[in-house]
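Let me begin by presenting the structure, written as structure tokens, before commenting on it.
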Amino acid sequence: MISLGGGMPNPSTFPFESMSVKLKSGKTMDINGAALESALQYSPTPGLPELVKTLTEMMEREHAPPTMARMLSITTGSQDALYKAFEMLVGEDDSLLVEKPTYSGTLAHLHAVNCDLVCIDTDNHGLVPESLASTLDNWPASKKKPKVLYTIPTGSNPTGASMPFERKKQVYAIAQKHGLIILEDDPYYYLKLDGVREKSFMHIDIDGRVLRFDSFSKILSSGLRVGTVMGPSPLIERLNLHTQSANLHSSGLSQAIVLALLQQWGQDGWNAHLTMVCDFYRRQRDEFLKALDKNLTGLATWNVPDAGMFVWINLHGVSDSKALIEQKAVEAKVLLVPGQVFLPDNQPTSYSFGVMKASAVVVALAAAAVSADVVLKYSSNGLVRGKEGVSGQADVLSLTRHAMEALAMPQTVVPVESLAVSVDMFKHVQAYGIVVVEGVNSNVGTTKGDYAFQKIMDVQEASTAQLPDLVSTLAEVVKGKNAKNTVVCTGNSVCNALDEKLTDEVVSTKAKSLEEDVWKQLSEFELTNEADKLVVSEIVNLKLVVETVKSSNSNAKGLFVASVSDLSGLAPEKLDAAKSAVASAVEDFQKELKNKYSNVGLQVLSLSQKLKLDLNELSEAVALSRRLSLSANATSPNASVTPLTIETIAEYQIILWSSVILAVIAILAVSVLCSMDASRDNLLYAKFLTDASHRKND
Numbered sequence: 003m004i005s006l007g008g009g010m011p012n013p014s015t016f017p018f019e020s021m022s023v024k025l026k027s028g029k030t031m032d033i034n035g036a037a038l039e040s041a042l043q044y045s046p047t048p049g050l051p052e053l054v055k056t057l058t059e060m061m062e063r064e065h066a067p068p069t070m071a072r073m074l075s076i077t078t079g080s081q082d083a084l085y086k087a088f089e090m091l092v093g094e095d096d097s098l099l100v101e102k103p104t105y106s107g108t109l110a111h112l113h114a115v116n117c118d119l120v121c122i123d124t125d126n127h128g129l130v131p132e133s134l135a136s137t138l139d140n141w142p143a144s145k146k147k148p149k150v151l152y153t154i155p156t157g158s159n160p161t162g163a164s165m166p167f168e169r170k171k172q173v174y175a176i177a178q179k180h181g182l183i184i185l186e187d188d189p190y191y192y193l194k195l196d197g198v199r200e201k202s203f204m205h206i207d208i209d210g211r212v213l214r215f216d217s218f219s220k221i222l223s224s225g226l227r228v229g230t231v232m233g234p235s236p237l238i239e240r241l242n243l244h245t246q247s248a249n250l251h252s253s254g255l256s257q258a259i260v261l262a263l264l265q266q267w268g269q270d271g272w273n274a275h276l277t278m279v280c281d282f283y284r285r286q287r288d289e290f291l292k293a294l295d296k297n298l299t300g301l302a303t304w305n306v307p308d309a310g311m312f313v314w315i316n317l318h319g320v321s322d323s324k325a326l327i328e329q330k331a332v333e334a335k336v337l338l339v340p341g342q343v344f345l346p347d348n349q350p351t352s353y354s355f356g357v358m359k360a361s362a363v364v365v366a367l368a369a370a371a372v373s374a375d376v377v378l379k380y381s382s383n384g385l386v387r388g389k390e391g392v393s394g395q396a397d398v399l400s401l402t403r404h405a406m407e408a409l410a411m412p413q414t415v416v417p418v419e420s421l422a423v424s425v426d427m428f429k430h431v432q433a434y435g436i437v438v439v440e441g442v443n444s445n446v447g448t449t450k451g452d453y454a455f456q457k458i459m460d461v462q463e464a465s466t467a468q469l470p471d472l473v474s475t476l477a478e479v480v481k482g483k484n485a486k487n488t489v490v491c492t493g494n495s496v497c498n499a500l501d502e503k504l505t506d507e508v509v510s511t512k513a514k515s516l517e518e519d520v521w522k523q524l525s526e527f528e529l530t531n532e533a534d535k536l537v538v539s540e541i542v543n544l545k546l547v548v549e550t551v552k553s554s555n556s557n558a559k560g561l562f563v564a565s566v567s568d569l570s571g572l573a574p575e576k577l578d579a580a581k582s583a584v585a586s587a588v589e590d591f592q593k594e595l596k597n598k599y600s601n602v603g604l605q606v607l608s609l610s611q612k613l614k615l616d617l618n619e620l621s622e623a624v625a626l627s628r629r630l631s632l633s634a635n636a637t638s639p640n641a642s643v644t645p646l647t648i649e650t651i652a653e654y655q656i657i658l659w660s661s662v663i664l665a666v667i668a669i670l671a672v673s674v675l676c677s678m679d680a681s682r683d684n685l686l687y688a689k690f691l692t693d694a695s696h697r698k699n700d
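Residues 3 to 700 in our numbering are what the sequence shown spells out, letter by letter.
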């Protein structure tokens, strides 16, 4: 048949004769003759027929889907097919079920569509079936029900989570119950770093409700822009109509390169290439995780991805990673992605997104996470900058390490010298809790959570006198000039230096009922025993601090300090019960802090003999904390030395350099004036000689 309707250009006018591609293996692929002519000409919308056939066989071999009418179409990357599927299936005001978090590129498109994005919870194994079921089972009858679920089941972008096959079967059953179409976006399917590849949703698709999206971008080349979509024939045919009206088909040359490569490799060559790529990314992942362990332990928590290219990092003590990255990471010349861009509701988050490339990124992130311009730590050897014990060396890695130690990120016993930098920590947290328990060892119960600071500190009993000084300094920092900030302190051993006490309102409304509860809890305690009464009253005070936290302003900053006196005066048979009550109250305190505020710091100071510390050294550390605190409000009325802040240093520098510049200008001005005087004298002398010569001639 002679076609006069296609409008195809004559291939004899094409300037290309042949194409040769050299592979890294040393072999060469030649594309010429009919293969090149097909690649250069308009081709069917689903793709070059031979490549469509090859990829269909590959998909059926890999996924073994139930027998039914399915089609495969080649697209300009899987994202091209994905967007066309959204436009085909989701309209304005429709609801779409998406994982939280999910791929930011998808969200950008969906926000433009103006559909309702319904978030489904995820965990370390991907989408949570219970969350999906609960959302759909409790869907309002008056609202149009979702018909599409979008999921990234393998090595999810951004979390790196992979969904086990058993969980996929649960999700598929829920989709059957509620009539959902599943968009299985799986570009990282072949990047399985640990274990075997999980079976896909398409493997169990007996109803024809799964559209599967694959990509060669992560395996061969992202620039080729070759992806596939496979699913029920009616849906793929509709999607092809969309492609015909948009871009006709994917690049013929890119398809020809992929086809020639797969033909040359065969199944064995394809498998060998997959093994090489996975080995490479596994090494990258392991190096990245090793750097995270070394540099960010305690600063953050993260997932360990078994597939894909991404690590999802939760920064402790940071409520908005976007602000941190924009202000600090960029200054450190590190590009990171804040977790906020992956959230359908676009809410600020402490999560950040990392690509597994180089450990230097982790170090830079750690440095960026510390907002101080200079990291200072007080040790028994004096002020240390740079490498431990070497004064004056500005070693960035060591500074970063000191910053982490100063932030006390490891959840372990931390030397009391870290108290020297505690004043500055209000730059990083919204609320700060201190519990001082005398005579109780560091096994006081504490909840494990994402606190910005250390969990337990052992302090020599003799240093008790210095703690009020530290608390006083901290109180001034948090109170500052903002009247909304809360400072509450209760307990004689620490709070004598402060005027801040529990408010009368809290005491009058809660104290009596709390006291009754404590007496019931400590049933063996006696009302007539003074030691018993003292312990009960101080546990009540600790519980009152908890009540104050509940009623505080979560949008302002807060300092909450409570102390419990030495329990050693109790009868031995009552000591365990008292310790248990104290531990329970401390745990409640921690929980309430964490519930009330977005990011908190906590210190439990156990005043015991476990750590021998020179009292004078601690006194110097507290004084150093006052003088070198980076907070502008860290001023103590008892300070023997005027506080010196970064702002003050900057003012001094401005005055100094302004004086130097003015002095230089003055010197230059005098020099110029002197030169002008000399020049004037020379001119007058020359004029005198000229006049004398003229008179002589006359």
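By construction, the Cβ of each residue, glycine as well, lies at the ideal position given by its N, Cα and C atoms.
For CYS121, report the span of its alpha helix (DSSP H) as first-last.
Taking the sequence shown and counting its residues from 1, the one referred to as residue 121 is at position 119. That residue, CYS121, is in no alpha helix (DSSP H); its beta strand (DSSP E) goes 118 to 125.
Helix, strand or coil: how does DSSP classify TYR192 here?
Taking the first residue of the sequence shown as position 1, residue 192 is located at position 190. Three-state DSSP puts TYR192 in coil, outside helix and strand.
What number of angstroms, rounded off, separates the C-alpha of SER256 from the C-alpha of ALA143?
Taking the first residue of the sequence shown as 1, we reach residue 256 at position 254. Taking the first residue of the sequence shown as 1, we reach residue 143 at position 141. Whole-angstrom Cα-Cα distance: 48 Å.
Grab me the residues of VAL212's own chain with a C-beta within less than 7 Å of its C-beta, minus the 5 sequence neighbours each way, in chain order.
Here the question's residue 212 lines up with position 210 in the sequence shown. Here the set comprises ILE184, GLU186, PHE203, MET204, GLY233.
If ILE33 sits next to VAL228, beta carbons under 8 Å apart, how far is it from one beta carbon to the other, in whole angstroms?
Taking the sequence shown and counting its residues from 1, one reaches residue 33 at position 31. Taking the sequence shown and counting its residues from 1, one reaches residue 228 at position 226. Contact flag wrong, Cβ pair sits at about 15 Å.
Between the Cα of LEU50 and the Cα atoms of GLU62, GLU59, ALA37, which residue gives the shortest distance?
Translated into the one-based positions of the sequence shown, residue 50 becomes position 48. Selected option, being the one with the closest Cα: ALA37.
Proximity to ILE541 [Cα-Cα], best of GLU94, ASN249, ALA110, ASP519:
Stepping through the sequence shown from its first residue, residue 541 is reached at position 539. That would be ASP519, whose Cα lies nearest to the Cα of ILE541.
What's the call for LEU250, buried or exposed, on a 16-neighbour Cβ count within 10 Å?
The count along the sequence shown starts at 1 and reaches residue 250 at position 248. Result: exposed.
Per-residue DSSP class, three states only, for TRP314:
The residue given as residue 314 occupies position 312 in the sequence shown. Residue state, collapsed to three classes: strand.
Determine the closest residue to GLY157 out of GLY225, GLN172, THR104, with distance taken between C-alpha atoms.
What you label residue 157 is simply residue 155 of the sequence shown in a count that begins at 1. Minimum Cα distance to GLY157 is reached at THR104.
If you reduce the DSSP assignment to three classes, tell me which class ASN34 lands in.
As a working note, residue 34 is residue 32 in the sequence shown. Strand at ASN34.
Measuring only the C-alpha atoms, how far is CYS280 from LEU151?
Within the sequence shown, residue 280 is the residue found at index 278, counting from 1. Within the sequence shown, residue 151 is the residue found at index 149, counting from 1. The alpha-carbon atoms of CYS280 and LEU151 are separated by roughly 29 Å.
Are three or more beta carbon pairs between the segment 73 to 89 and the segment 239 to 254 nearer than 8 Å?
yes
Just to confirm the assignment, what range does the beta strand (DSSP E) spanning LEU492 have?
Reading the sequence shown from its first residue, position 490 is the one you call residue 492. Looking at the sequence provided, one finds Thr at residue 492 rather than Leu. Per DSSP, THR492 belongs to the beta strand (DSSP E) from 488 to 492.
Could you give the distance in angstroms between the alpha-carbon of LEU572 and the alpha-carbon of GLN286?
Sequence index remark: in the sequence shown, residue 572 carries index 570 (1-based). Sequence index remark: in the sequence shown, residue 286 carries index 284 (1-based). Taking the straight line joining both Cα atoms gives about 58 Å.
What would DSSP say about ARG63, mapped onto helix, strand or coil?
Numbered from 1 along the sequence shown, position 61 holds the residue referred to as residue 63. Helix at ARG63.
Give the secondary structure of PRO236 by DSSP, where H, G and I count as helix, E and B as strand, and everything else as coil.
As a first step, residue 236 is located in the sequence shown; it is residue number 234 there, counting from the start. Helix, per DSSP.
Check for me: the alpha helix (DSSP H) holding LYS596 runs from which residue to which?
What you label residue 596 is simply residue 594 of the sequence shown in a count that begins at 1. Looking at the DSSP string, the run of the alpha helix (DSSP H) that includes LYS596 is 574 to 598.
Drop a sphere of 10 angstroms on the beta-carbon of SER217, count the other beta-carbons inside from all chains shown, and report buried for 16 or more, exposed for fewer.
Counted from its first residue, the sequence shown places residue 217 at position 215. Buried: at least 16 other Cβ atoms inside 10 Å.
How many whole angstroms separate the CB atoms of THR492 and ASN555, which I take to be in contact at a CB cut-off of 8 Å?
Position 490 of the sequence shown, counted from the first residue, corresponds to residue 492. Position 553 of the sequence shown, counted from the first residue, corresponds to residue 555. In fact, because the Cβ distance is near 19 Å, the residues do not count as touching under 8 Å.
Taking the alpha carbon of ALA83 as the point to measure from, which residue in LYS179, LEU57, LEU241, LYS26 has its own alpha carbon closest?
By 1-based counting over the sequence shown, the position of residue 83 is 81. With distances taken between Cα atoms, ALA83 lies closest to LEU241.
Using DSSP bridges, identify the partner residues of GLY268.
Residue numbering aside, residue 268 sits at position 266 when the sequence shown is read from its first letter. Answer by DSSP bridge pairing: none, since GLY268 is not bridged.
Closest residue to LEU546 among GLY300, VAL588, ALA175 (Cα-Cα distance):
Locating residue 546 in the sequence shown gives position 544, where the first residue counts as 1. Per the Cα distances, VAL588.
What does the Cβ neighbour count give for ASP534, buried or exposed, with the cut at 16 atoms within 10 Å?
Mapped onto the sequence shown, residue 534 falls at position 532. Label assigned to ASP534: buried.
Those runs of the beta strand (DSSP E) which lie wholly inside the segment 163 to 224 and span at least 3 residues:
183 to 187, 212 to 217
Given a cut-off of 8 Å on the beta-carbon distance, is the pair SER106 and GLY128 in contact?
Here residue 106 corresponds to residue number 104 of the sequence shown, with the count starting at 1. Here residue 128 corresponds to residue number 126 of the sequence shown, with the count starting at 1. Going by C-beta atoms, SER106 is not nearer than 8 Å to GLY128.
Work out the CA separation of ALA665 and VAL672 for me, nearest whole Å.
Translated into the one-based positions of the sequence shown, residue 672 becomes position 670. Translated into the one-based positions of the sequence shown, residue 665 becomes position 663. Their Cα atoms are separated by approximately 11 Å.
Since ILE541 is in the alpha helix (DSSP H), which residue starts that stretch and which ends it?
As a working note, residue 541 is residue 539 in the sequence shown. That run of the alpha helix (DSSP H) goes 532 to 553.
Consider the Cβ of PRO234: report whether some Cβ of chain E lies at a distance smaller than 8 Å.
Looking at the structure shown, chain E is missing, and only one protein chain is on hand.
What are the residues that DSSP puts in a beta bridge with GLU526?
Position 524 of the sequence shown, counted from the first residue, corresponds to residue 526. Paired residues: none, contrary to the question.
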